[in-house]
Amino acid sequence: MSDACGSCPSASSCTTGSCPSTQPEKTKAQQASNIKNVIAVMSGKGGVGKSSVTSMLAVSLMRQGFKVGILDADITGPSIPRIFGLRDKANMNEVGVIPGETSHRIKVMSLNLMIPNEDDPVIWRGSIITQLVQQFWTDVVWGELDYLLIDLPPGTGDVPITVMQSLPVSGVVIVTSPQQLAGMIVRKAINMVKKYDATIYGLVENMAYVACPQCEERIEIFGKPHGEAEAAQNEIPYLGQLPIDPVLATMSDLGKIEDYESAGFTQIAKNLAEVIQEKQK
2 MSDACGSCPS
12 ASSCTTGSCP
22 STQPEKTKAQ
32 QASNIKNVIA
42 VMSGKGGVGK
52 SSVTSMLAVS
62 LMRQGFKVGI
72 LDADITGPSI
82 PRIFGLRDKA
92 NMNEVGVIPG
102 ETSHRIKVMS
112 LNLMIPNEDD
122 PVIWRGSIIT
132 QLVQQFWTDV
142 VWGELDYLLI
152 DLPPGTGDVP
162 ITVMQSLPVS
172 GVVIVTSPQQ
182 LAGMIVRKAI
192 NMVKKYDATI
202 YGLVENMAYV
212 ACPQCEERIE
222 IFGKPHGEAE
232 AAQNEIPYLG
242 QLPIDPVLAT
252 MSDLGKIEDY
262 ESAGFTQIAK
272 NLAEVIQEKQ
282 K
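Counting with the working numbering, you get residues 2 to 282 for the letters of the sequence shown.
Written out as structure tokens, the structure reads:
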């Protein structure tokens, strides 16, 4: 709580310190933005395709007619601009930072849109990284958005903590894969979100199988998928599972992910929108 909480009649019972009287004044960029839903996309470990899931969720929501943005909070390993083929740097005006915009009008803010070369290493300590993530929220002119997806770095470290504490996160989508190790670690992510009393919108199981190019038979490379059981065990919604698709990898490398078609992502995005609508009733 802040010092201003001392004069509040509810100070003794308040656990948040988040009443309007203690909140900082909105920046010009925040005043020029209206974001209805802020969704953090996280994973307990790396290598589960979280950024691809974030990107395709954004594309699928955009195709449903929603206005969408992506805040790339993976500061030391930003990949969102490359996935969307963004090359132009972010600009500034008297209001704030103007995010990049994809060919289908998805707004993107990432460190890679600010540094001279996308392959320049980011060798920063955690305090600088978390400050930048906060500035991506306070100083970027997001405008009118139905959904802002936050692509978090893997794990439960500084950036996820900062996002959960400092940003008005509506809910969280957790990405996992079939390996037992991933299942164990995703439970850490679930428990972290619950500690912050945040809403978990659901679990996405990525890389659940690969379809044989000859016969379309499912081949479960990483073992039997267990995402649905994991979701049920933790009493969170199961949004669906996705296959390993070499076409998605190719389209991402080419920066043409908005041209990728996937019934699986479309269904997951619909499930997500339905869960959000239900939670907001």
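We treat Cβ as the ideally placed atom computed from N, Cα and C, and that holds for glycine.
1) Please report the Cβ distance between M208 and V49, rounded to the nearest whole angstrom; I am assuming they are in contact, meaning their Cβ atoms lie under 8 Å.
2) For T1, name the three-state secondary structure that DSSP assigns.
3) Give the C-beta separation of I224 and Q268 to the nearest angstrom, bearing in mind that I take them to be a contact with Cβ-Cβ under 8 Å.
4) Is N207 helix, strand or coil by DSSP?
5) Along the chain, which unbroken stretches of the alpha helix (DSSP H) at least 4 residues long are found entirely within the segment 106-162?
6) Bridge partners of D73, per DSSP?
7) Below 8 Å on the Cβ atoms is my guess for G1 versus V187; work out the distance and round it to an integer in Å.
8) Against chain D, with Cβ distances strictly below 9 Å, would E217 count as a contact?
9) Between which two residues does the alpha helix (DSSP H) holding G228 run?
10) Check whether the segment 243-252 touches the segment 187-204, taking contact to mean three or more Cβ pairs, one atom from each stretch, closer than 8 Å.
11) Could you tell me the distance, in whole angstroms, from the CA atom of E102 to the CA atom of A212?
12) Just grab the DSSP bridge partners of Y197 for me.
13) Using C-beta distances below 7 Å, list every residue in its chain close to T139, excluding the 5 sequence neighbours before and after it, in chain order.
14) Is there contact here, the segment 80-99 with the segment 61-69, by at least three beta-carbon pairs under 8 Å?
15) State the DSSP-derived secondary structure class of G78, mapped to helix, strand or coil.
16) How many Å lie between V160 and A264 at the Cα?
17) According to DSSP, is N94 helix, strand or coil?
18) Mark P100 as exposed unless 16 or more other C-beta atoms lie within 10 angstroms of its C-beta, in which case mark it buried.
19) Whose C-beta lies closer than 6 Å to the C-beta of S61 among residues of the same chain, with five residues either side of it excluded?
20) Leaving aside the five residues before and after A33 along the sequence, list all residues of the same chain whose C-beta is less than 6 Å from its C-beta, in chain order.
21) From which residue to which residue does the beta strand (DSSP E) around M176 run?
22) Alpha carbon to alpha carbon, how far is S128 from L240?
23) In angstroms with no decimal places, state the Cα-to-Cα distance between I81 and S167.
24) Quick check: I191 and N38, are their CB atoms within less than 9 Å of each other?
Checking against the coordinates, here is how it stands:
1) With 8 Å as the limit, M208 and V49 qualify as a contact, their Cβ atoms being about 7 Å apart.
2) Only positions 2 to 282 of the chain appear in this structure, which leaves residue 1 out of reach.
3) The residue asked about is misnamed: residue 224 is Gly in this sequence, not Ile. Contact check for G224 and Q268: beta-carbon distance about 23 Å, past the 8 Å limit, so the pair fails to qualify.
4) N207 sits in coil when the DSSP states are folded into three classes, being neither helix nor strand.
5) Segments of the alpha helix (DSSP H) lying fully in the segment 106-162: 127-139.
6) DSSP, once it has assigned bridges, lists D152 as partnering D73.
7) Look at the range of the chain in this structure, 2 to 282, and you will see that residue 1 is not part of it.
8) In summary, chain D is missing from the structure at hand, where a single protein chain is found.
9) Looking at the DSSP string, the run of the alpha helix (DSSP H) that includes G228 is 228-234.
10) Too few Cβ pairs lie closer than 8 Å, so no.
11) Annotation: E102 to A212 spans about 33 Å, alpha carbon to alpha carbon.
12) Per DSSP, none; premise fails for Y197.
13) Once the five neighbours on either side are set aside, the close Cβ partners of T139 are T28, A30, Q31.
14) With a cut-off of 8 Å, the segment 61-69 and the segment 80-99 do not count as touching, because too few Cβ pairs lie within range.
15) In the structure shown, G78 adopts coil according to DSSP, grouped into three states.
16) Spanning the alpha carbons of V160 and A264 requires a straight line of approximately 32 Å.
17) In the displayed model, N94 falls within coil according to three-state DSSP, outside both helix and strand.
18) Flag for P100 reads buried.
19) So the list reads F266, T267, A270, once near-sequence residues are dropped.
20) Excluding residues within five positions, the ones whose Cβ falls inside 6 Å are V96, V142.
21) Per the sequence presented here, residue 176 reads as Val, with Met not at that position. Segment 172-177, the beta strand (DSSP E) holding V176.
22) Taking the straight line from one Cα to the other gives about 34 Å.
23) I81 and S167 have their C-alpha atoms some 22 Å from each other.
24) Cβ distance not < 9 Å, so I191 and N38 don't count as in contact.
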